[in-house]
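First up is the structure itself, then whatever we jot down about it.
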Amino acid sequence: METKFPRGAGGFIKPEFVIKEFGILLEMKIADFGCGHGYFSIPLAKAAGDNGIVYAIDIQNSALGAVRSMAKKEGLLNIKYIKGDLEKEKGSRLPDDSMDLVLLANILYQSPGKSEILKEATRVLKKQGSLIMVDWSEDSFVGPPRRTRISRETAKRLAESEGFRIIREFSAGEYHYGLTMAKLT
Numbered sequence: 000m001e002t003k004f005p006r007g008a009g010g011f012i013k014p015e016f017v018i019k020e021f022g023i024l025l026e027m028k029i030a031d032f033g034c035g036h037g038y039f040s041i042p043l044a045k046a047a048g049d050n051g052i053v054y055a056i057d058i059q060n061s062a063l064g065a066v067r068s069m070a071k072k073e074g075l076l077n078i079k080y081i082k083g084d085l086e087k088e089k090g091s092r093l094p095d096d097s098m099d100l101v102l103l104a105n106i107l108y109q110s111p112g113k114s115e116i117l118k119e120a121t122r123v124l125k126k127q128g129s130l131i132m133v134d135w136s137e138d139s140f141v142g143p144p145r146r147t148r149i150s151r152e153t154a155k156r157l158a159e160s161e162g163f164r165i166i167r168e169f170s171a172g173e174y175h176y177g178l179t180m181a182k183l184t
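Set out below in structure tokens:
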């Protein structure tokens, strides 16, 4: 049975409820790949606590500026901002084997370099680190064009081909699916 979460603006899920599915512990190091305007970065930083660190990574300076502004408003000092191209080798600019968790929320459908993004997640995750994917459901009537979406099954296959094991699936709201995966190597 899927968990029903309160909805955010426009009927979308509230990230502070979805992240409860991620298994975040205090003091974790978390990379928010393709952070956008910080929809998940801010609640991730709160969940990781003062001694945890969230690396908000995006290719657009304007997105990073928006996250920085929201973090300042919330009084959060545990977010680091990185301009990076996740489709390039070492594009996150993070050290190898340094992250406890990497979040890919609504970015794979936008990218022709899906495999490269997953390779980068593999590189930066610690052994047994978690990869979390949240993306648009194929059959949702809202969201990006259906032809650009990545199905749950395709996401699983891609992740497995890059050395991840599927741990569980979870509800990420009415319009999205969620996957938790572990790095095997």
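Residue numbers (numbering that gives the first Met the number 0): 0 to 184.
Glycine included, C-beta positions come from ideal geometry on N, C-alpha and C.
Cβ-based burial, residue 144 [other Cβ within 10 Å; buried from 16] = As a working note, residue 144 is residue 145 in the sequence shown. Classification of residue 144: exposed, given that the 10 Å Cβ count is below 16.
Where residue 127 and residue 60 are concerned, what is the direct C-alpha to C-alpha distance, given to the nearest angstrom?
-> Taking the sequence shown and counting its residues from 1, the one referred to as residue 127 is at position 128. Taking the sequence shown and counting its residues from 1, the one referred to as residue 60 is at position 61. CA-to-CA, the gap between residue 127 and residue 60 works out to about 31 Å.
Per DSSP, which residues does residue 164 bridge with? Please list them.
-> Residue 164 sits at position 165 when you count from the first residue of the sequence shown. 181, per the DSSP bridge assignment.
Could you spell out where the beta strand (DSSP E) holding residue 102 opens and where it closes?
-> Here residue 102 refers to the residue found at position 103 when the sequence shown is read from its first residue. First-last of the beta strand (DSSP E) with residue 102: 98–104.
Whose CA, out of 148, 71 and 120, lies closest to the CA of residue 129?
-> Taking the sequence shown and counting its residues from 1, one reaches residue 129 at position 130. Taking only the C-alpha atoms, the option nearest residue 129 is 120.
Comparing alpha-carbon positions, which option in 69, 94, 151 and 24 lies nearest residue 104?
-> Counted from its first residue, the sequence shown places residue 104 at position 105. Closest by alpha carbon: 151.
Rounded distance between the beta-carbons of residue 55 and residue 40, thought under 8 Å | Sequence index remark: in the sequence shown, residue 40 carries index 41 (1-based). Sequence index remark: in the sequence shown, residue 55 carries index 56 (1-based). Your pair residue 40 and residue 55 checks out as a contact, with CB atoms roughly 4 Å apart and the cut at 8 Å.
Proximity winner among 124, 83, 99 and 183, relative to residue 187 (alpha-carbon distances) | Any answer about residue 187 is impossible in this case: the structure gives the chain only from 0 up to 184.
Where in the segment 23–99 do unbroken runs of the alpha helix (DSSP H), each at least 4 residues long, occur, reported from the N-terminal end onward?
-> 40–47 and 60–73
Residue 172 classed as buried or exposed, judged by whether at least 16 other C-beta atoms fall within 10 angstroms = Mapped onto the sequence shown, residue 172 falls at position 173. Buried: at least 16 other Cβ atoms inside 10 Å.
Proximity winner among 132, 19 and 96, relative to residue 184 (alpha-carbon distances) | In the sequence shown, counting from the first residue as 1, residue 184 sits at position 185. Nearest C-alpha to residue 184: 96.
Close-in-space but distant-in-sequence residues of the same chain around residue 53 (CB under 7 Å, 5 per side omitted) | The sequence position of residue 53 within the sequence shown is 54, counting from 1. Answer for residue 53: 29, 31, 40, 43, 44, 47, 77 and 78, listed in chain order.
Residue 113 - containing alpha helix (DSSP H), residue span | Position 114 of the sequence shown holds residue 113. Element bounds for residue 113: 113–123.
Where residue 19 sits in the DSSP three-state scheme | Position 20 of the sequence shown, counting from 1, holds the residue named residue 19. The answer is helix: DSSP assigns residue 19 an H, G or I state.
Check the C-beta distance from residue 117 over to residue 158 and give it rounded, since I have them as a contact under 8 Å.
-> Counted from its first residue, the sequence shown places residue 117 at position 118. Counted from its first residue, the sequence shown places residue 158 at position 159. Correct: roughly 6 Å between the Cβ atoms.
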